[in-house]
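Q: Going by full-length UniProt numbering, the first residue of the sequence shown is number 1, and it counts up by one from there.
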Amino acid sequence: MNIKQAQEIIVSVIPLAQTEISQPENAGNPITTIRILTSYIEKMIEQGREDELGKALHLMEYMHEKGERRLQNAVENIFVFSLDSILTACPESLRGTVTGKIPIGIYTAYINQLYRSGY
């Protein structure tokens, strides 16, 4: 999957992201694209939109598994890196639910990143 295909899929799953993703400066930029998706995932957690959250997290994993290398790197360097702060900011009552929705591939990348950093 290339960045254009990823952006189209994101817009199909999160129609509200269309405005940001369709900005000319964001065309072909995997880092900005993943930042936008990460921001929407944080909003979904804050607003308790669990069904949409599950879809967005699975989309993130799909891009991590099937995306071109630049997209995979963006997922690891933007989303996976920020996952710790996202979970810490998550209300404790929702933390278990949110953690349970994280797909195994993303969670594995998160754990690997923790081990590499020496936690």
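In this text, a Cβ means the ideal position worked out from N, Cα and C, and glycines have one as well.
1) In whole angstroms, give me the CA-to-CA distance for Pro103 and Lys4.
2) Looking at the unbroken alpha helix (DSSP H) that takes in Phe81, where does it start and where does it end?
3) Tell me whether the region 83 to 99 and the region 20 to 29 touch, counting them as touching only if at least three CB pairs, one residue from each stretch, are closer than 8 Å.
4) Looking at the unbroken alpha helix (DSSP H) that takes in Gln23, where does it start and where does it end?
5) What are the start and end residues of each continuous alpha helix (DSSP H) run of 4 or more residues lying completely inside the region 33 to 57, in chain order?
A: Here's the rundown:
1) 23 Å
2) Under the DSSP assignment, Phe81 falls in the alpha helix (DSSP H) whose first and last residues are Phe81 to Ala89.
3) no
4) Careful: Gln23 lies outside any alpha helix (DSSP H) and carries neither H nor E.
5) none
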